[in-house]
Amino acid sequence: MTLRAVVTGVGHYLPERVVPNAEFEKTLDTSDEWIRARSGIENRHFAGEGDSTSSMAVAAATAALADAGRTAQDVDAIIVATSTADLTFPSSATMVQAGLGMTTGFAFDVQAVCAGFVYALANANALIASGQAKRVLVIGSETFSRIMDWTDRGTCVLFGDGAGALLLEAQEGTGTPADRGILATDLNSDGRHKDLLYVDGGSSTGTTGYLRMQGNQVFRHAVEKLAATAQTAMDRAGVTAEDVDWIVPHQANIRIIQGTAKKMNISMDRVVVTVQDHGNTSAASIPLALSVGKQRGQIKQGDLLVTEAIGGGLAWGAVVLRW
455 MTLRAVVTGV GHYLPERVVP NAEFEKTLDT SDEWIRARSG IENRHFAGEG
505 DSTSSMAVAA ATAALADAGR TAQDVDAIIV ATSTADLTFP SSATMVQAGL
555 GMTTGFAFDV QAVCAGFVYA LANANALIAS GQAKRVLVIG SETFSRIMDW
605 TDRGTCVLFG DGAGALLLEA QEGTGTPADR GILATDLNSD GRHKDLLYVD
655 GGSSTGTTGY LRMQGNQVFR HAVEKLAATA QTAMDRAGVT AEDVDWIVPH
705 QANIRIIQGT AKKMNISMDR VVVTVQDHGN TSAASIPLAL SVGKQRGQIK
755 QGDLLVTEAI GGGLAWGAVV LRW
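Its first residue numbered 455, the sequence shown is counted upward by one per residue in the working numbering.
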């Protein structure tokens, strides 16, 4: 008998305010055409006055619990992947725990920037496989609009806000790739590349800071590292690219998504793409895409999925799971 972490519920939340590319033309030397050509992004959502990373996470988690037919009292643990926590501490996850009315179990944050949700899934899988928890809420939630330099056209047009959540539950499997649930994970980081993508604030400066990125350099690393980590995870799961029903990548840039799919020999009609509607929502992008993919009727029970992401650190990784 093999314990598998199986997805039983999924949900997401997007702020009401939709920001089209044209809005940036008023204040920046940019255009809708320029942004679309370089990123594939058409719109993104920005958090309103009543939105926070933790409140959006609560909304997404509530939707995932409803999808699974569970309540917060059924949950043993909450993991929130975020780089934009409401406060330095306590963790956003404990705020979500309180927001859901969950008075037992434990909650903590994972910070691996855009790769955060993949790292959180790997942690949740380990908790379930070890017997530490039976049901884990895994949430990605970000308010990147609040760490943007609005004079930097190379970054501020790329990011958006939102949250997505999965409920994972322990179920017995056969130990084969036919099992539902997480089949394999792969995590990596290389701190030598810190200066390629970072926020220039924190305890060392006493300020919140702004996101800084060397976009061309990040792109250069992204396709190769994403394809490699996906292949490693597939090898560990005992599956091939031909077995995969859907790639659900981090939604950073359409050119990265296309380049990675090509390197993996997977056609774009087997890739869930939401970047045009949401922009880059960092750790929220994969769970958002999973939730939207299910809503669209793309992702169905039994489908084999590969998710992969890369973010500041650099940190990157992949998860293979059967829905």
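Where is the CB? At the ideal position from N, CA and C, for every residue including glycine.
| task | Answer yes if the segment 534-554 comes into contact with the segment 735-747, meaning at least three C-beta pairs across the two stretches below 8 angstroms, and no otherwise. | result | yes
| Residue range of the unbroken beta strand (DSSP E) whose run includes Asn642 | The residue you call residue 642 lines up with position 188 of the sequence shown. Run containing Asn642: 635-643, per the beta strand (DSSP E) assignment.
| query | What are the partner residues of Met455, as DSSP defines its beta bridges? | reply | As a working note, residue 455 is residue 1 in the sequence shown. Answer is none; Met455 lacks a bridge partner.
| Where do the N-terminal and C-terminal ends of the beta strand (DSSP E) with Gly492 fall, by residue? | For the purposes of this step, residue 492 is taken as residue 38 along the sequence shown, with counting starting at 1. Reading off the sequence shown, one finds Arg at residue 492, where the question assumed Gly. It is not in any beta strand (DSSP E) - Arg492 instead sits in the alpha helix (DSSP H) that spans 486-493.
| message | DSSP three-state label for Val729, please. | response | By 1-based counting over the sequence shown, the position of residue 729 is 275. Helix.
| said: Quick check: Leu621 and Leu581, are their CB atoms within less than 9 angstroms of each other? | reply: Position 167 of the sequence shown, counting from 1, holds the residue named residue 621. Position 127 of the sequence shown, counting from 1, holds the residue named residue 581. Their beta carbons are not under 9 angstroms apart, which means Leu621 does not touch Leu581 by this criterion.
| Per-residue burial, Pro469 [other beta carbons within 10 Å of its own, 16 or more giving buried] | Here residue 469 is taken as the residue at index 15 of the sequence shown, counted from 1. Buried, since its Cβ has 16 or more Cβ neighbours within 10 Å.
| request: Check Ser595 in the structure and name its three-state DSSP category. | output: Within the sequence shown, the letter at position 141 stands for residue 595. Strand at Ser595.
| CB contact flag (Tyr467, Ala526, <9 angstroms) | As a working note, residue 467 is residue 13 in the sequence shown. As a working note, residue 526 is residue 72 in the sequence shown. Cβ distance not < 9 angstroms, so Tyr467 and Ala526 don't count as in contact.
| request: Entirely within the segment 489-558 and at least 3 residues each: give me those beta strand (DSSP E) ranges in chain order. | output: 497-500, 531-535
| request: Taking only the alpha-carbon atoms, compute the straight-line gap between Gln685 and Asp505 and give it to the nearest angstrom. | output: Position 231 of the sequence shown, counted from the start, is the residue given in the question as residue 685. Position 51 of the sequence shown, counted from the start, is the residue given in the question as residue 505. Gln685 and Asp505: Cα-Cα distance of roughly 37 angstroms.
| query | Using DSSP with H/G/I as helix, E/B as strand and the rest coil, what is Asp563? | reply | As a working note, residue 563 is residue 109 in the sequence shown. In this structure, Asp563 counts as strand in the three-state DSSP scheme.
| Assuming Gly645 and Gly656 make a contact with CB atoms under 8 angstroms, what is their CB distance in whole Å? | Within the sequence shown, residue 645 is the residue found at index 191, counting from 1. Within the sequence shown, residue 656 is the residue found at index 202, counting from 1. The pair is not a contact, with the Cβ atoms about 15 angstroms apart (cut-off 8 angstroms).
| query | Does DSSP put Gly766 in a helix, a strand or coil? | reply | Within the sequence shown, numbered from 1, the residue matching residue 766 stands at position 312. Gly766 falls in the coil class under three-state DSSP.
| task | For Arg471, collect the residues of the same chain with a Cβ closer than 7 angstroms to its Cβ; drop the 5 residues on either side in sequence, then sort them by chain order. | result | By one-based count along the sequence shown, residue 471 stands at place 17. For Arg471, where only same-chain residues beyond five positions count, the Cβ hits under 7 angstroms are His499, Phe500, Gly502.
| said: Less than 9 angstroms between the beta carbons of Glu762 and Ala772, yes or no? | reply: As a position in the sequence shown, residue 762 is number 308, starting the count at 1. As a position in the sequence shown, residue 772 is number 318, starting the count at 1. For Glu762 and Ala772, yes; Cβs fall inside 9 angstroms.
| Pick from Ala743, Leu457, Gly765 that is closest to Gly616, judged by C-alpha positions | Indexing the sequence shown from 1 puts residue 616 at position 162. Closest by alpha carbon: Ala743.
| request: Output the distance between the C-alpha atoms of Ala681 and Lys648, rounded to the nearest integer angstrom. | output: Looking up residue 681 in the sequence shown gives position 227. Looking up residue 648 in the sequence shown gives position 194. Computed Cα separation, rounded: 21 angstroms.
| request: Can you tell me which of Val726, Gly767, Ala459, Arg524 puts its alpha carbon nearest to the alpha carbon of Arg750? | output: Here the question's residue 750 lines up with position 296 in the sequence shown. Minimum Cα distance to Arg750 is reached at Val726.
| query | With respect to the alpha helix (DSSP H) encompassing Ile708, which residues constitute its N-terminal and C-terminal limits? | reply | Here the question's residue 708 lines up with position 254 in the sequence shown. Start and end: 708-717.
| query | Do the segment 598-613 and the segment 483-499 make contact, defined as three or more Cβ pairs closer than 8 angstroms? | reply | yes
| By DSSP, does Gly656 sit in helix, in strand, or in coil? | Locating residue 656 in the sequence shown gives position 202, where the first residue counts as 1. Here Gly656 sits in strand by DSSP.
| query | From the DSSP output, which residues share a beta bridge with Ala589? | reply | Reading the sequence shown from its first residue, position 135 is the one you call residue 589. According to the sequence as given, residue 589 is Arg; it is not Ala. Paired residues: Glu623.
| Under the three-state reduction of DSSP, which class applies to Val774: helix, strand or coil? | Indexing the sequence shown from 1 puts residue 774 at position 320. Looking at Val774 - three-state DSSP - the assignment turns out to be strand.
| query | How would you call Asn719, buried or exposed, if buried means at least 16 neighbouring beta carbons within 10 angstroms? | reply | Taking the first residue of the sequence shown as 1, we reach residue 719 at position 265. Exposed: under 16 other Cβ atoms inside 10 Å.
| Could you give the residue range of the alpha helix (DSSP H) that holds Arg674? | Counting from 1 along the sequence shown, the entry for residue 674 is found at position 220. Looking at the DSSP string, the run of the alpha helix (DSSP H) that includes Arg674 is 669-691.
| task | Could you tell me whether the Cβ atoms of Ile764 and Ala706 are closer together than 9 angstroms? | result | Within the sequence shown, residue 764 is the residue found at index 310, counting from 1. Within the sequence shown, residue 706 is the residue found at index 252, counting from 1. Result yes, Cβ atoms of Ile764 and Ala706 sit closer than 9 angstroms.
| message | Please determine whether the Cβ atom of Trp777 lies at a distance below 8 angstroms from any heavy atom of the ligand ATP. | response | Among the ligands in the structure shown, none appear at all, so the ligand ATP cannot be discussed.
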